Amino acid sequence: MYWRRRLFVLGLAASLVFLIASLLTDGSDARSTETPVAAQAGAQVEASDTMTSSTTATTTAVTTPAAGRKARTQPTPTPTPTLAVPQGNCDAADISVTPVVDKAAVAGRDVTIALSLQTTESEACTWRVAPDRVTVKIARGDEEIWSTRHCRRVVPSQAVVVRRAVPTVVRMTWNARESAEGCRRATRWVRAGDYTIAAAALGGEPTVADFALASPTPETIYVTPKSESTKTAAPKTEAATPTARATGR
159 MYWRRRLFVL GLAASLVFLI ASLLTDGSDA RSTETPVAAQ AGAQVEASDT
209 MTSSTTATTT AVTTPAAGRK ARTQPTPTPT PTLAVPQGNC DAADISVTPV
259 VDKAAVAGRD VTIALSLQTT ESEACTWRVA PDRVTVKIAR GDEEIWSTRH
309 CRRVVPSQAV VVRRAVPTVV RMTWNARESA EGCRRATRWV RAGDYTIAAA
359 ALGGEPTVAD FALASPTPET IYVTPKSEST KTAAPKTEAA TPTARATGR
């Protein structure tokens with residue numbers, strides 16, 4: 159009876175030890191199984207984050223140039239200035255006349271002179287250009303060479319609008335000769351060199367400018383040499399001899 163009890167106790171103890179060992183083994187396996195899953199899940203999350211970052215970077219790289227592309231801008235047209243409306247007639251003292259000589263002027267040929275008209279005070283007014291209202295003279299040093307006082311018809315007669323902001327240009331032609339009373343054409347040509355020109359509205363202040371007359375370029379005449387024709391000498395023919403004199407018998 160005693161041995162049976164001891165065997166029963168030993169069997170029960172062995173069963174408890176086996177049961178505890180089994181439980182401990184199952185717990186260890188569970189932990190070892192969960193760790194790879196967790197690691198795999200972490201790897202998936204990391205890979206997912208990497209792919210998302212890569213995709214975002216790619217998208218950014220693609221869209222950045224488009225965002226940085228400048229929009230085409232249309233050129234802004236230059237606004238046309240509004241011209242002042244003339245108010246009455248101009249006062250001659252309010253007119254400034256600036257002479258401008260063509261830079262390509264050559265001695266011995268007609269010279270174009272531009273008269274640039276502007277007001278000094280009035281915004282805009284009407285004025286009539288005429289020989290008795292505009293004076294122009296040309297000088298070389300202290301010597302007067304030409305003047306509208308002699309050649310009045312050179313100044314055109316026309317009504318113009320003179321403004322302060324925008325010049326009005328009137329042109330006249332000088333024949334590049336000296337002037338004399340009556341504007342005779344039989345006067346000397348003006349030589350090439352440096353000159354001064356002064357212009358003014360009668361009653362206004364004159365404006366002086368410098369200009370130069372270039373020397374005329376001599377015209378080159380090309381002559382094609384004529385080929386000498388070969389002269390064929392005509393054969394000389396002896397003059398007919400008179401009838402031989404009759405000889406004496």
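Using the numbering used here, the first residue of the sequence shown is number 159, and each one after it goes up by one.
Quick reminder that beta carbons are idealized off the backbone N, C-alpha and C, glycines included.
Values in this document were obtained by computation on a predicted structure and should not be read as measured data.
Checklist entry - Measuring CA to CA, which of T278, V318, C283, Y353 is closest to W304? => result The shortest Cα separation from W304 among T278, V318, C283, Y353 belongs to Y353.
Checklist entry - Where does S173 sit, in a helix, a strand or coil, going by DSSP? => result helix
Item to check | Residues near P364 by beta carbon distance below 7 Å, same chain, minus five either side | outcome: A356, A357, A358
Item to check | P233 classed as buried or exposed, judged by whether at least 16 other C-beta atoms fall within 10 angstroms | outcome: exposed
Checklist entry - By DSSP, does I178 sit in helix, in strand, or in coil? => result Three-state result, I178: helix.
Checklist entry - For Q276, which residues does DSSP report across the bridge? => result As a beta-bridge residue in DSSP terms, Q276 pairs with S254.
Checklist entry - Any heavy atom of the ligand MN closer than 6 Å to the CB of T270? => result Absence of the ligand MN from the depicted structure is noted, as is the absence of any ligand whatsoever, leaving it without description.
Checklist entry - Skipping 5 residues on each side, what residues in its chain have a beta carbon closer than 7 Å to that of E336? => result I303, W304, T345, R346, V348
Checklist entry - With DSSP run on the structure shown, which of helix, strand or coil describes R310? => result R310 falls in the helix class under three-state DSSP.
Next on the checklist: Using 8 Å for Cβ pairs, my map puts P244 next to A288. What's the rounded Cβ distance?
Outcome noted: Actually they do not touch by this definition, with Cβ atoms about 18 Å apart.
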